[in-house]
C-alpha cells in the first residue's frame, strides 16, 4: 500500500496507529513513537488534500 495513493492514505494511517499502539504495549516505545508520527503525517496530508477540494460541496465521498 502506498502513502501516495490518496484513496488509501487514511487506511494506512489507521493501520500505523494500531501498530504504534501494539509497539507501546510491549515496551517498544521508540518504534511506537516513530510509527505514530508517520501516521500523523499521513493524517495531515489527507486533511490538506481534502481542504483543497473545490467541488462546491461539503459532502465527501
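Numbering (the working numbering), first residue to last: 8 to 68.
We put the CB at the ideal spot given by N, CA and C, even for glycine.
Under 9 Å between the Cβ atoms of residue i and residue j?
i: residue 49; j: residue 19; result: yes
i: residue 53; j: residue 28; result: no
i: residue 39; j: residue 31; result: yes
For residue i, is the classification buried or exposed, using 16 other Cβ atoms within 10 angstroms of its Cβ as the cut-off for buried?
i: residue 23; result: buried
i: residue 46; result: buried
Looking at the unbroken alpha helix (DSSP H) that takes in residue i, where does it start and where does it end?
i: residue 37; result: 36 to 58
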